[in-house]
Amino acid sequence: MTSYDQSNIFARIIRGEISAHKVYEDGDVLVMMDIFSQSRGHVLVIPKAASRNLLDAAPATLANVLTTVQRVARAAEAAFSADGIRVQQFNEAPAGQTVFHLHFHVIPIYANVELGRHAGLKADDAELAADAKAIAAQLD
Ligand code: AMP
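For the sequence shown, this note's numbering begins at 34 and goes up steadily by one.
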């Protein structure tokens, strides 16, 4: 497997070099809006510890990040009255991974509404900012 590249975009966001629509942050995880949103409320949950994907992550990193995935899924469901939540995670380019720092997609699903394309259209910044606040307000 290829090694971890410190210059990937999520590492730069974690270091504060690039801005993001943050929903939540603590010492271990960062939660932010996906800017190429596939549905309203599409969020990424990212451990701060450096790992390329699920395959090289430490068990402690995974335990922590999955707890946050659950919290954020519940919050997103409540914020937007979603009909379901899809959690996605890709490992290596042939599997669909485009950013090589471990992350989990939390994607609200709305009945009879088709999902947008993965990494397709850039969402509106004002809407992303408002949605980040709406999800943050529902976090327990
Ligand atoms: P993947 O590696 O395939 O799981 O996808 C990476 C995800 O990161 C895609 O859904 C992109 O829309 C998203 N993404 C890429 N750059 C940014 C960014 N600067 N801020 C937020 N999301 C991003």
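Just so it is clear, CB atoms sit at the ideal spot from N, CA and C, and this is done for glycine as well.
Beta-carbon to beta-carbon, Lys81 and Val62 are separated by about 6 Å, close enough to satisfy the 8 Å threshold.
Look at Ile42: its beta carbon is less than 7 Å from one of the heavy atoms in ligand 1.
DSSP places Arg119 in the strand class (E or B) of the three-state scheme. The criterion of a C-beta distance shorter than 8 Å is not satisfied by Phe69 and Val132.
The beta-carbon separation of Pro141 and Ser72, rounded to 5 Å, stays under the 8 Å limit for a contact.
Under the three-pair Cβ rule at 8 Å, the segment 144-152 does not count as touching the segment 83-101. Around the C-beta of Ile79, 16 or more other C-beta atoms lie within 10 Å, and the residue is accordingly described as buried.
Here Lys166 carries a helix assignment [DSSP, helix/strand/coil]. Inter-residue distance for Ala108 and Gln39 is about 30 Å (C-alpha atoms, whole angstroms).
Going by DSSP, Glu125 is part of no beta strand (DSSP E) at all; its letter is neither H nor E.
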